[in-house]
Amino acid sequence: MKKKVLTVDDSRTIRNMLLVTLNNAGFETVQAEDGVEGLEVLEDANPDVIVTDINMPRLDGFGFIEGVRRNEKYRAVPILVLTTESDADKKNRARQAGATGWIVKPFDPAKLIDAIERVTA
């Protein structure tokens, strides 16, 4: 069965790159434009892993991660942060919110797939 990835990013370009990369690697992909939409589609998506940006309108990645972790059903779902940020304080804040890993944009498709496969193994 295909593993399902929920991607949350306000950049259409990044969403398209993620869609192509993940679908080519055999994943099913569900997409959201920001944290608010990410939380709205979470139940229907029922993802095996989540890839989220940090800097987004309406609800940023930190708020989104906290929202996911408040839901008992998704407490153990791996969350990878995909962002242009590389600041140690932001990494720590994401980890405290419940992020599993951190990938800096622009991403290497092979490394992203490898990270997803590692956290969902």
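Residue 37 in our numbering sits at position 37 of the sequence shown; the count goes up by one each step and never skips.
Built from N, CA and C at the ideal position, the CB exists for glycine as well.
Nothing here was measured: the structure is a model prediction, and the numbers come from that model.
With DSSP as the reference, label I50 as helix, strand or coil. Correct three-state label for I50: strand.
Leaving out five residues on either side along the sequence, give the residues of the same chain with a beta carbon under 7 angstroms from the beta carbon of Q31. T7, R15, L19
Would you report the Cα separation of F27 and T120, rounded to the nearest angstrom? 12 angstroms
DSSP beta-bridge partners of T100: None; T100 has no bridge partner.
Look up T7 in the DSSP assignment and give the residues it is bridged to. Q31, V51
At the level of alpha carbons, what is the spacing between I65 and R95? 9 angstroms
How would you call D44, buried or exposed, if buried means at least 16 neighbouring beta carbons within 10 angstroms? With fewer than 16 Cβ atoms within 10 Å of its Cβ, D44 is classed as exposed.
What do you get for A99, buried or exposed, if any count of 16 or more other CB atoms within 10 angstroms of its CB means buried? Residue environment for A99: buried (at least 16 other C-beta atoms within 10 angstroms of its C-beta).
Could you check how far apart the C-beta atoms of I116 and V49 are, in whole angstroms? I think they sit under 8 angstroms. 5 angstroms
List the residues that DSSP assigns as beta-bridge partners of T83. V104
Within a Cβ cutoff of 7 angstroms, which residues of the same chain sit near R93, ignoring the five residues on either side of it in sequence? F62.
Ends of the alpha helix (DSSP H) at V20? 12 to 24
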